[in-house]
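Colleague: For reference, each letter of the sequence shown is one residue, going 386 to 600 in my numbering.
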Amino acid sequence: MDSERKDDNNKTNNKEDNSTATSTSSNFPSWEDYNSSVDDIRYFIIGLYTFVSLLGFMGNILILVALFRKRKQKTIINFLIGNLAFSDILVVLFCSPFTLTYVLLDQWIFGEILCHVVPFLQCVSVLISTLMLMSIAMVRYYMIKHPLSTTLTANHGYFLIATVWTLGFTICSPLPVFHKMIDLSETINLEPLKDRLPKLKLTDQKLHIGTPMLF
């Protein structure tokens with residue numbers, strides 16, 4: 386009798402474990418559901434990046450066209466705003482598409498040369514855009530504090546713009562040297578993962594990384 390009761394209890398426990406495992410597995414989404422949700426997020430990110438990039442590119446082009454029509458007004462503010470618009474166009478061209486592609490594909494597909502060039506151009510465009518904003522703020526502060534002063538001329542604008550661009554190129558110059566492309570298949574042993582995760586593409590994964598810089 387005791388043995389029969391133990392067998393019944395074991396069968397009941399096995400049924401409960403199986404039902405629990407079934408319910409637990411049913412709670413987790415399948416790979417197809419996960420993949421479809423990821424695709425939806427990718428489409429949203431692509432659309433958002435495209436909209437922002439086109440808006441930024443066209444807006445800065447219109448600014449340059451407006452400044453070109455008023456090119457006879459050679460003021461320091463116009464020079465700074467024109468360079469700010471140009472640097473923002475560089476940001477749109479060199480930051481948005483490369484960053485979006487690298488994030489979505491999770492690998493670098495643009496080759497060894499662009500691995501060194503693109504980070505440098507991204508750094509230069511963003512840094513010069515930031516320095517131009519700082520320069521405009523300082524010039525406006527000086528003009529508000531000294532409204533009757535005529536010391537700020539076009540030559541001062543040329544000198545300030547040359548200083549900003551030189552500073553930007555100098556600060557970002559180490560980036561082409563300290564960036565390199567790494568092939569994961571040659572660096573990490575991926576054979577165990579290929580057997581366990583057959584659906585994932587683990588071959589020919591290339592990343593471009595920056596080596597830590599010490600100044």
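Quick reminder that beta carbons are idealized off the backbone N, C-alpha and C, glycines included.
What whole-angstrom Cβ distance do MET517 and ASN468 have, given they're in contact under 8 Å?
Modeller: In the sequence shown, counting from the first residue as 1, residue 517 sits at position 132. In the sequence shown, counting from the first residue as 1, residue 468 sits at position 83. MET517 to ASN468, Cβ: 6 Å. Contact.
Colleague: Given a cut-off of 8 Å, decide if HIS564 and CYS508 are closer than it, judged by their beta-carbon atoms.
Modeller: Residue mapping note: residue 508 aligns to position 123 of the sequence shown, counting from 1. Residue mapping note: residue 564 aligns to position 179 of the sequence shown, counting from 1. No, they are not a contact pair.
Colleague: Over the uninterrupted alpha helix (DSSP H) stretch that includes ASP568, give me the two end residues.
Modeller: If you number the sequence shown from 1, residue 568 lands on position 183. Premise fails: ASP568 lies in the beta strand (DSSP E), 564–568, not in any alpha helix (DSSP H).
Colleague: Beta-carbon separation of SER472 and SER514 under 8 Å?
Modeller: Position 87 of the sequence shown, counted from the start, is the residue given in the question as residue 472. Position 129 of the sequence shown, counted from the start, is the residue given in the question as residue 514. In contact: SER472 and SER514 (Cβ atoms closer than 8 Å).
Colleague: Would the beta-carbon of ILE366 fall within 8 Å of that of ILE466?
Modeller: With the chain running from 386 to 600 in the structure shown, residue 366 is simply not present.
Colleague: Would you mind giving the Cβ-Cβ distance between VAL524 and LEU537, rounded to the nearest angstrom? I have them listed as a contact below 8 Å.
Modeller: Translated into the one-based positions of the sequence shown, residue 524 becomes position 139. Translated into the one-based positions of the sequence shown, residue 537 becomes position 152. Contact flag correct, Cβ pair sits at about 7 Å.
Colleague: In or out: SER558 buried (at least 16 other Cβ within 10 Å) or exposed?
Modeller: Start at 1 with the first residue of the sequence shown, and residue 558 comes out as number 173. Burial call: exposed.
Colleague: Check the Cβ-Cβ distances between PRO482 and every residue of chain C, and say whether any is below 8 Å.
Modeller: Of the protein chains in this structure there is only one, and it is not chain C.
Colleague: Provide the residue span of the alpha helix (DSSP H) that contains ARG525, from first to last.
Modeller: Reading the sequence shown from its first residue, position 140 is the one you call residue 525. 496–530 is the span of the alpha helix (DSSP H), which, as asked, contains ARG525.
Colleague: At which residue ranges does the stretch 454–498 contain complete alpha helix (DSSP H) runs of 4 or more residues, listed in the order of the chain?
Modeller: Listed in chain order, they are 461–479, 481–490.
Colleague: Since I believe PHE464 is in contact with ILE546 (beta carbons under 8 Å), could you give me their beta-carbon distance rounded to a whole number of angstroms?
Modeller: Walking along the sequence shown from the start, residue 546 turns up at place 161. Walking along the sequence shown from the start, residue 464 turns up at place 79. Confirmed, about 6 Å.
Colleague: What number of angstroms, rounded off, separates the C-alpha of CYS452 from the C-alpha of GLN458?
Modeller: Numbered from its first residue, the sequence shown carries residue 452 at position 67. Numbered from its first residue, the sequence shown carries residue 458 at position 73. Residue 452 is actually Leu in this sequence, not Cys. Spanning the two alpha carbons is a distance of roughly 9 Å.
Colleague: Taking all protein chains shown into account, decide if ALA406 is buried (16 or more other Cβ within 10 angstroms of its Cβ) or exposed.
Modeller: The residue you call residue 406 lines up with position 21 of the sequence shown. Residue placement at ALA406 cannot be trusted, given a pLDDT of 47 that sits under 50; the coordinates are not used to answer.
Colleague: Rounded to whole angstroms, what's the CA-CA distance from TYR527 to TRP550? Just pull it up for me.
Modeller: Here the question's residue 527 lines up with position 142 in the sequence shown. Here the question's residue 550 lines up with position 165 in the sequence shown. Computed Cα separation, rounded: 21 Å.
Colleague: Counting along the chain, where does the alpha helix (DSSP H) carrying LEU545 start and finish?
Modeller: The sequence position of residue 545 within the sequence shown is 160, counting from 1. LEU545 -> alpha helix (DSSP H) spans 539–557.
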